[in-house]
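Enquirer: Residue numbers (our numbering): 185 to 734.
Cβ coordinates follow ideal geometry from the N, Cα and C atoms, glycine included.
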């Protein structure tokens, strides 16, 4: 409770952006319902479908630039789907007409393009609600499964109290898992609708929802145990001792035992919908963090509230929430994609700074072993470095590896530092890095990652060529005791000067000054660079030390 009070006291402070973790869940809900996020055009022609694909690629490119690593792509909407299904008809958001298939598979295309960019894609499945009673999806369900449908007010839903509902929803999740190379199944509205009449106890109602979760888990994990199962519970799990939920919470209001699902291994991740601020956000975020049972939780951020009609929040509100979530060890997930990519109130600009380095999705809580490391070769050319690797082995029975690539100006490359990540979840075993001839030489490391997110140790390096060259006519003058920098005013301001060996090893650092006193360096060729406290460097030039000039 002291932790809650501390956060409440300081929740209005402007928190500084600290070190960025290498492992962090950064996700976004990409809504296909009515084309809210995608697609904005209906696929009524071949040209329109090409536009849809290009629009999706543009969205993914923007999300990649913001270092989002997980896409929650809406695959089941309200008794309708965005992929060819044996159970339910096409939604109208793709082709423009309910029940009409487009000339491509949107889910397959989204998976392909997300993976190409090194991002995970989870199939977002709306579970219990079926929309309005007379909507297209509800009518279809009423015709095929009238025994499973409940009618309340103008709404329709699948009956969570009928065991056959669990089987039906699990069928859909199993269908998606068996047909597609998804990274996760994300369950939405896996709860009792708040206005659904029911005479049973809250405990029995929670057991009914858990029955659906358990059946989905059994089917999905039975096919592909590495596929992550997650859901989006209400943002407040339950009343806290000093912070009531206002009657709107996951556990007692809509009967989601989400923390219990983590504890029992039925869920791998949670994305609680924390679309609140102040005392309705911070203590409940701390509660999620303290009840994660070694699994991953990302705070669902209500970025739609930045717009005037939904709350007119200031950007500062989201900034504080993201800072506190990171301090609590939580990831972050944006609702919805368009409010991020549209740079609402400067949000996209902030995110590109807050998450300026990539992050890998944390590994699943499993005893599966890590893969063995690959070996790499680096060919250095005048245009850059060509990296190739091979030989990694997957020992987790998944028989599928992706690769993370790291680079640094010093050896050994620190693979725990997010600043050194230059590519994540690479499917190919090669990468080209464009470099200018006068850039400092980079050293590389590659790790293999299995389907469970377990990462190998760093690779060993075999260099086949070198571009570490210098021009004798452009050497920094020295008298054996000091370096003289006649062009000092043209050098970018920095914190230090750094002297490196020609192998890239940092020898020593000096104050940033026009004259640099040299220590007793042995004879040889050295490189002088600027060095900031954040690790940024800039090559100044080379100099030669000779015993004869001392």
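1. Could you tell me if residue 726 is buried or exposed, where buried requires 16 or more neighbouring beta carbons within 10 angstroms of its beta carbon?
2. Could you check how far apart the C-beta atoms of residue 516 and residue 543 are, in whole angstroms? I think they sit under 8 Å.
3. By alpha-carbon positions, which one of 626, 596, 270 ends up nearest to residue 328?
4. Take residue 579 as the anchor and find which of 393, 242, 633, 212 has the nearest alpha-carbon.
5. Are the CB atoms of residue 529 and residue 585 nearer to each other than 7 Å?
6. Quick one: any contact between the stretch 408-418 and the stretch 368-377, if contact means 3 or more CB pairs under 8 Å?
7. Label residue 588 either buried or exposed according to how many other C-beta atoms from any shown protein chain fall within 10 Å of its C-beta, with 16 as the threshold for buried.
8. In the structure shown, what three-state DSSP assignment does residue 735 receive?
9. Name the residue from 535, 438, 570, 292 whose alpha carbon lies nearest to the alpha carbon of residue 386.
10. Decide if residue 664 is buried, meaning its Cβ has at least 16 other Cβ atoms within 10 Å, or exposed.
11. Under the three-state reduction of DSSP, which class applies to residue 470: helix, strand or coil?
12. Does residue 393 come out as helix, strand or coil in the three-state DSSP assignment?
13. Can you have a look at residue 431 and say buried or exposed, based on whether 16 or more other CB atoms are within 10 angstroms of its CB?
14. Within 10 angstroms of its Cβ, does residue 223 collect 16 or more other Cβ (buried), or is it exposed?
15. Within 10 Å of its beta-carbon, does residue 566 have 16 or more other beta-carbons around it, so buried, or fewer, so exposed?
16. Kindly give me the distance between the Cβ atoms of residue 313 and residue 373, rounded to whole angstroms, as I take these residues to be in contact under 8 Å.
17. Within 10 angstroms of the Cβ of residue 558, are there 16 or more other Cβ atoms? Answer buried if so, exposed if not.
18. Just how far apart, CA to CA, sit residue 646 and residue 615?
19. How long is the line joining the alpha carbons of residue 547 and residue 638, rounded to whole angstroms?
20. Using the DSSP secondary-structure output, state which residues sit across from residue 130 in a beta bridge.
21. Tell whether a beta-carbon distance below 7 Å holds between residue 251 and residue 441.
22. Whose C-beta lies closer than 6 Å to the C-beta of residue 550 among residues of the same chain, with five residues either side of it excluded?
23. Curious, which full-length beta strand (DSSP E) runs of at least 3 residues does the stretch 445-509 contain?
24. Quick one: what does DSSP say residue 603 is sitting in, helix, strand or coil?
25. How many Å lie between residue 704 and residue 590 at the Cα?
26. Contact check, residue 212 vs residue 247 under 8 Å by CB: the rounded distance?
27. Got a sec? Which residues, its chain only, sit under 6 Å from residue 628 by beta carbon, not counting five neighbours each side?
28. Looking only at C-alpha atoms, which of 602, 631, 262 sits nearest to residue 575?
29. Let me know the secondary structure DSSP gives residue 535 once reduced to three states.
30. DSSP three-state label for residue 368, please.
31. Among 711, 682, 295, which has the Cα closest to the Cα of residue 304?
32. Could you tell me the boundaries of the beta strand (DSSP E) in which residue 588 lies?
33. In this structure, what does DSSP give as the bridge partners for residue 258?
34. Anyone know if the C-beta pair for residue 216 and residue 258 falls short of 7 Å?
35. Pick from 471, 336, 307: whose alpha carbon is nearest that of residue 362?
36. Classify residue 521 as helix, strand or coil using the three-state DSSP reduction.
Expert: Walking through what the data contain:
1. Its Cβ being crowded by 16 or more others within 10 Å, residue 726 is buried.
2. So it is not a contact: roughly 11 Å between Cβ atoms.
3. For residue 328, the nearest C-alpha among the options comes from 270.
4. When the alpha-carbon of residue 579 is set against those of 393, 242, 633, 212, the nearest one is in 633.
5. Against a cut-off of 7 Å, the Cβ pair of residue 585 and residue 529 comes out as no contact.
6. Three or more beta-carbon pairs separated by less than 8 Å link the stretch 408-418 to the stretch 368-377, which places the two stretches in contact.
7. Buried, by the Cβ-count rule.
8. Shown here, the chain extends from 185 to 734; a query on residue 735 therefore has no answer.
9. The shortest Cα separation from residue 386 among 535, 438, 570, 292 belongs to 438.
10. With fewer than 16 other Cβ atoms within 10 Å, it is exposed.
11. Residue 470: helix per DSSP, three-state reduction.
12. Helix.
13. So residue 431 counts as exposed.
14. Note on residue 223: 16 or more other CB atoms within 10 angstroms of its CB, so buried under the neighbour-count rule.
15. With a 10 Å radius around the Cβ and a threshold of 16 neighbouring Cβ atoms, residue 566 comes out exposed.
16. Contact flag correct, Cβ pair sits at about 5 Å.
17. Result: buried.
18. Confidence is the limiting factor: at residue 646 the pLDDT is only 44, short of 50, which leaves the residue's position unreliable and the question unanswerable from this model.
19. Here the C-alpha atom of residue 547 lies approximately 5 Å from the C-alpha atom of residue 638.
20. Residue 130 falls outside the range modelled here, since the chain spans only 185 to 734, and no answer is possible.
21. Contact flag unset, no.
22. Counting only Cβ-Cβ distances below 6 Å, and skipping sequence neighbours, we find 636.
23. DSSP runs (the beta strand (DSSP E)) wholly in the stretch 445-509: 480-485.
24. In the structure shown, residue 603 adopts helical secondary structure according to DSSP, grouped into three states.
25. C-alpha separation (whole angstroms): 33 Å.
26. Rounded, the Cβ-Cβ distance is 6 Å, consistent with contact.
27. Setting aside the 5 residues that flank it on each side, residue 628 is surrounded in the same chain by 562, 571, 591, each with a C-beta closer than 6 Å to its C-beta; the list follows chain order.
28. Residue 575 has its Cα closest to that of 631, out of 602, 631, 262.
29. Reduced to three states, the DSSP call for residue 535 is helix.
30. DSSP places residue 368 in the strand class (E or B) of the three-state scheme.
31. It is 295.
32. Unbroken beta strand (DSSP E) run through residue 588: 586-592.
33. DSSP lists 308 as partners of residue 258.
34. Taking 7 Å as the Cβ cut-off, residue 216 and residue 258 qualify as a contacting pair.
35. In this structure, 307 is the residue among 471, 336, 307 with its C-alpha nearest to the C-alpha of residue 362.
36. If DSSP states are grouped into helix, strand and coil, residue 521 belongs with the helices.
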